[in-house]
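Residue numbers (our numbering): 973 to 1009.
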């Protein structure tokens, strides 16, 4: 992964990646909670 364009764009991309990863794991947690109960 290369971030030499500009740091603002890089930070935005990084934040998006982290946010999507977090929301995905939260969704999985909610699903497993719903299935187990």
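Quick reminder that beta carbons are idealized off the backbone N, C-alpha and C, glycines included.
{"Asked": "Nearest-angstrom Cα separation, counted from residue 991 out to residue 982", "Found": "14 Å"}
{"Asked": "Length of the line joining the Cα atoms of residue 993 and residue 984", "Found": "14 Å"}
{"Asked": "DSSP state of residue 978 mapped onto helix, strand, coil", "Found": "coil"}
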